[in-house]
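Notes for the one structure printed next.
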Amino acid sequence: MPFPTGISRRRVLTAALLALGLTVASSGCNSGSDTGGTPDTIKIGLLASLSGTYEAVGTEIRDGFELYLKTHDNKLGGHKIDLIVADEGNGAPTAVPAATKLLKQDRVHALTGIVGGGSVAAVAPVLAEAKIPFVGSNGRPELKDVSRIWTTSYLSDETGAAIAEYVRDNVKGEVFTIGPNYQGGYDQLRGFTDTFKEIGGKLANEDGKTLWTPFPQTTNFLPYFAQIKASGAEAVYTFYAGTAAVDFVKQYAQSEIKDLPLYAAGFLTEGGVLNAQGEAARNIYSVLNYSPDLDNAENRSFVAAWKEDHDGSPTTYAMASYDAAAVLDKAIGAAGENPTSEQINKAISELGQINSPRGTWQFSKETHSPVQKWYLRQVRQDGRALSNTVVGDLATVGG
């Protein structure tokens, strides 16, 4: 995709119109009106981890967005879409330059995707400077300025908060918490531990604080399992994703604490990692905002369309990215004939309920993340394969 040249036909035309006293949209403010294409084409940047630890997650995010485009004639809001995909890598050091290129060189109207919460926080200042809306499709931390930041998945602390009461009511004793030492891990485990303590739950950790494992270098969890055994815990709560989730679950099933109930944020067994974990994952309880076996019309259509091009069922990552495309579809359609980034952002702020494969949800006015239901799942046999099966509803979180 060539970048706009220093002297283009459009800029020559712009100068002529200015000479005639007519107003035109300025490309210098990076409003998204000067895309180097036709007025009918909207540029969308998609940033996701297409290499590194979370490659599988990033691939699902890309594929979910592309599925929505495929099933909507490659249009959003009636406009043809030029989707520009970039690699987030393993986090902020690679995410920021990739996002900067999408925003300042490719001049996208809007940005979507991003796997890591730390990446979102690092990219946020670049988004604010460029005045471009971001419709994220994976967890993020709380941010001070969310005027142009929207999230179709969740805030990273909401996952643990949604299952804390269930764990308290079903574990007759103390719970040990363990997770990776990066932004997403901190947020995920804090959501659980803060809520769990507030409602009377007790942690088995020696100092009452989560045990952190170095990320991404930790591949041997056995020494940590020995600490859990020594604590006298009656259950474990954790968050891991990607290759770390595979290592954790396989080793847990072979360890001296294999008989302790394991509760987790749903990413521990989500998607391809469950296939890699196999029998080791059986009976793990998890919390998530989506499962492919939810019985509603939107989900049935989504799952059927997904299975036309993929082996297996869609994940929450693919679903949230599919919904990000749906949000942009509605907003671009409402933003006018030749929408700018500012107009698209304003239109997002005025959206009501979104019909989604997860069930109906809407953006919180304060956090710009979904007000949505969370589900309790358990890894059970489903035909010939293991599956994250919904076994109950948990809290509705957000607001």
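So the sequence shown is residues -27 to -1, 1 to 372, counted in mature numbering (1 follows the signal peptide of the UniProt record, and there is no 0). C-beta atoms are modelled at their ideal positions from N, C-alpha and C, and glycine is treated no differently. Only a predicted model underlies this, so the values are computations on that prediction, with no experimental measurement involved.
- Using a Cβ distance threshold of 8 Å, Leu233 and Arg350 do not count as a contacting pair.
- Annotated three-state conformation of Leu40 is helix, per DSSP.
- By the Cβ-count criterion, Ala203 is exposed, with fewer than 16 other Cβ atoms from all chains shown falling within 10 Å of its own Cβ.
- Contact holds between the region 249 to 265 and the region 279 to 289, because three or more Cβ pairs, one in each stretch, are under 8 Å apart.
- By the Cβ-count criterion, Ser360 is buried, with 16 or more other Cβ atoms from all chains shown falling within 10 Å of its own Cβ.
- Boundaries of the alpha helix (DSSP H) around Ser204: Leu195 to Ser204.
- A distance below 8 Å separates the beta carbons of Gly18 and Asp79.
- Apart from the 5 residues on each side of it in sequence, Trp185 sits with its Cβ closer than 6 Å to the Cβ of Asn154 in its chain, given in chain order.
- Residue range Gln156 to Glu171 is occupied by the alpha helix (DSSP H) that includes Leu162.
- Cα atoms of Ala21 and Gly31: separation of roughly 5 Å, rounded to the nearest angstrom.
- Contact between Ile54 and Lys48 is confirmed by a C-beta separation of about 6 Å, below the 8 Å threshold.
- Look at the beta carbons and you see the region 237 to 254 touching the region 352 to 370: at least three pairs across the two are nearer than 8 Å.
- Lys53: member of the beta strand (DSSP E) spanning His52 to Asp60, first to last residue.
- Just so you know, the alpha carbons of Asp296 and Ile105 end up roughly 19 Å apart.
- No Cβ-Cβ contact shorter than 8 Å links Gly152 with Phe194.
- Residues Val88 and Gly215 of the same chain have their beta carbon placed closer than 6 Å to that of Tyr27, with the five preceding and five following residues left out of the count.
- For Val300, same chain residues with a beta-carbon under 8 Å away, outside a window of 5 residues either side, are Val108, Trp123, Thr125, Ile321, Leu324 and Ile327 in chain order.
- DSSP, read as helix, strand or coil, puts Tyr210 in strand.
- Assigned with DSSP and collapsed to three states, Ala308 falls in coil, not helix or strand.
- Counting every other CB atom within 10 Å of its CB across the protein chains shown gives Ala72 a total of 16 or more, marking it as buried.
- According to the DSSP assignment, Tyr263 belongs to no alpha helix (DSSP H), since it is labelled neither H nor E.
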